[in-house]
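Remember, the numbering used here sits 4 above the position in the sequence shown when you count from 1.
For each residue, glycine too, the CB sits at the ideal point set by N, CA and C.
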Amino acid sequence: MEFKEVLKELAVNQLKPVYLVSSEELYFMDKLIHWVTNNLLPKEQQDFNLASLYGKETNIKNILDLAREFPFLGERKIILVRDAQDIKDWDLLAAYLKNPNPSTILFALFTKKPDGRASWVKTAKETGYWHEWKSLSDYQLPSFLLELSKDMQLKFEEQALALLLEYVGNDLSTLANELEKLKLNVTKGTTIGKLEIEKYIGVSKEFNVFELQKSLNAKDHTKSFRIFHNLAIHSKSNPIIATIASLFNHFNRIWLTKLNFNKSDDELSKLLKLPFKNFVKDYREAASKYSLAQIEEVIDFLNEYDLKSKGLYNHSTTEKDLYIEIALNFNQLN
């Protein structure tokens, strides 16, 4: 069962006695913990009927002993186990899963996926107590951000949403925090544009990766060099590894557009996994500016500089110098 489905189930009081959750996405885990600790028990019962445990500080025997106890002056007992991957002997849970205490709700949260071959994992899946929440792919981020912003009553222009995603990346917790920042600063009902993103999130108006991509699309070497130079000067807030990854994904989309130029906008948008179909136009224009050989050359040297930025085949070149070298490589493409 997906993250949203579990929260919906909890919200309507359709509770299962056990929730074993595996996810490397800490945002999902934090949201679940917040919901459970604030909604499943009245505050006056939490001291007696809420056990909040950490994997390194407990063991499976202690958890099972607590789970078999009945609540004190209440209808349910909640056991919340964080970092459950640090606990050994989870196989002892298998018997409990077949006959759990109906007045206890056990949440065990794993940030590292357990071995699926383990008997207790198989039993958990058979009983419907197992939940695995995968991190979102890049193409899923726009819909996640739109849904979250809708919940917070925020409206975005498409370009502003793209700029926010480009700047923040795929860290869901950071994205949520930036939305909170916008909610505090933007007048209710305002459609958030690039100006608001630049003003309240701290994105440089001219010197950001989004503007860099636009200048490279147009082969505006003067502007792109200026942006590269600024990113180099402020490399602490613009790590080159992230910039290269963004450019690599961008030119991979240009390459796919070049190879599939005759497809319809709808087909191309799905193929490129674009956040908005309107962006197809930008990729068509970029694909028209570059030959296939040039696009493949860009992808090759971005791969090379990705390795260099991570310390391979490079023992002395600074991030600033790597930025400038990449800029010069682009400038050689006519």
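| said: Please tell me whether Thr62 and Ala98 are closer than 7 Å, where the distance is taken between their beta carbons. | reply: Within the sequence shown, numbered from 1, the residue matching residue 62 stands at position 58. Within the sequence shown, numbered from 1, the residue matching residue 98 stands at position 94. Remark: C-beta atoms of Thr62 and Ala98 do not approach each other more closely than 7 Å.
| task | Taking the CB atoms as reference points, tell me whether Ile67 and Ile109 lie closer together than 7 Å. | result | Numbered from 1 along the sequence shown, position 63 holds the residue referred to as residue 67. Numbered from 1 along the sequence shown, position 105 holds the residue referred to as residue 109. No, they are not a contact pair.
| task | Please name the residue or residues paired with Ile109 in a DSSP beta bridge. | result | By one-based count along the sequence shown, residue 109 stands at place 105. Looking at the DSSP output, Ile109 shares a beta bridge with Ile82.
| Taking Cβ positions only, does Ala122 come closer than 7 Å to chain D? | Here there is only one protein chain, and chain D is not present.
| said: Run through the DSSP bridge pairs and tell me what Tyr58 is partnered with. | reply: In the sequence shown, residue 58 corresponds to position 54, counting from 1. Residue pairing from DSSP places Tyr58 in a beta bridge opposite Arg86.
| CB of Arg257 within 7 Å of CB of Tyr287, strictly | The count along the sequence shown starts at 1 and reaches residue 257 at position 253. The count along the sequence shown starts at 1 and reaches residue 287 at position 283. In contact: Arg257 and Tyr287 (Cβ atoms closer than 7 Å).
| request: For Lys159, write down the residues that DSSP places opposite it in a beta bridge. | output: Reading the sequence shown from its first residue, position 155 is the one you call residue 159. DSSP, once it has assigned bridges, lists Thr195 as partnering Lys159.
| said: Strictly by DSSP, which residues pair up with Trp134? | reply: The residue you call residue 134 lines up with position 130 of the sequence shown. Here Trp134 is bridged, per DSSP, to Leu24.
| query | Where in the segment 182–259 do unbroken runs of the alpha helix (DSSP H), each at least 4 residues long, occur, reported from the N-terminal end onward? | reply | Within the segment 182–259, the runs of alpha helix (DSSP H) that reach at least 4 residues and sit entirely inside it are, in chain order, 213–221 and 225–237.
| task | Take every Cβ of the segment 45–63, pair it with every Cβ of the segment 143–156, and state whether three or more of those distances are shorter than 8 Å. | result | Contact annotation: the segment 45–63 does not touch the segment 143–156, with fewer than three C-beta pairs closer than 8 Å.
| message | Assuming contact is defined by CB atoms lying nearer than 7 Å, are Ile244 and Ser313 in contact in what I supplied? | response | Here residue 244 corresponds to residue number 240 of the sequence shown, with the count starting at 1. Here residue 313 corresponds to residue number 309 of the sequence shown, with the count starting at 1. In this structure, Ser313 lies closer than 7 Å to Ile244 by Cβ.
| query | Is the distance from the Cβ of Val172 to the Cβ of Glu182 below 7 Å? | reply | Along the sequence shown, read from residue 1 onward, the residue named residue 172 stands at position 168. Along the sequence shown, read from residue 1 onward, the residue named residue 182 stands at position 178. Yes, the Cβ-Cβ distance between Val172 and Glu182 is below 7 Å.
| message | Just to confirm my understanding: we take Pro75, look at its own chain, exclude 5 residues before and 5 after, and list those with CB closer than 6 Å. What are they? | response | If you number the sequence shown from 1, residue 75 lands on position 71. Asn53, Lys81 and Ser107, listed in sequence order.
| Which one of Glu28, Ser26, Lys60 and Val16 has the shortest CA to CA distance from Trp39? | Start at 1 with the first residue of the sequence shown, and residue 39 comes out as number 35. Measuring from the Cα of Trp39, the nearest candidate turns out to be Val16.
| Is it right to say His319 is buried, meaning 16 or more other beta carbons lie within 10 angstroms of its own, or is it exposed? | Position 315 of the sequence shown holds residue 319. By the neighbour-count definition (other C-beta atoms within 10 Å, threshold 16), His319 is an exposed residue.
| said: Please report the straight-line C-alpha distance between Glu28 and Asn338, rounded to a whole angstrom. | reply: As a working mapping, residue 28 is identified with position 24 in the sequence shown. As a working mapping, residue 338 is identified with position 334 in the sequence shown. Whole-angstrom Cα-Cα distance: 44 Å.
| Nearest residue (CA-CA) to Arg72, options Leu45, Asn103 and Val190 | For the purposes of this step, residue 72 is identified with residue 68 of the sequence shown, where counting begins at 1. Taking Arg72 as reference, the option from Leu45, Asn103 and Val190 with the minimal CA-CA separation is Asn103.
| Nearest-angstrom Cα distance between Lys12 and Leu311? | Translated into positions along the sequence shown, residue 12 becomes position 8. Translated into positions along the sequence shown, residue 311 becomes position 307. Per the coordinates, the alpha-carbon of Lys12 lies some 44 Å from the alpha-carbon of Leu311.
| query | Sorted by chain position, which residues of the same chain lie with C-beta nearer than 7 Å to Lys60's C-beta, five sequence neighbours on each side aside? | reply | Within the sequence shown, residue 60 is the residue found at index 56, counting from 1. Once the five neighbours on either side are set aside, the close Cβ partners of Lys60 are Asp87 and Asp90.
| Same chain, Cβ closer than 8 Å to Glu323, five either side skipped, listed in chain order | Position 319 of the sequence shown, counting from 1, holds the residue named residue 323. Result list for Glu323: Ala236, Ser239, Pro243, Ile244 and Ser313, in chain order.
| Given 8 Å as the limit, is there contact between the segment 117–124 and the segment 33–48, that is, 3 or more CB pairs closer than that? | Touching, no.
| Which first and last residues belong to the alpha helix (DSSP H) in which Arg293 is found? | Against the sequence shown, residue 293 aligns to sequence position 289. Residue identity check: residue 293 is Lys in the sequence provided, not Arg. Val284 to Lys293 is the extent of the alpha helix (DSSP H) around Lys293.
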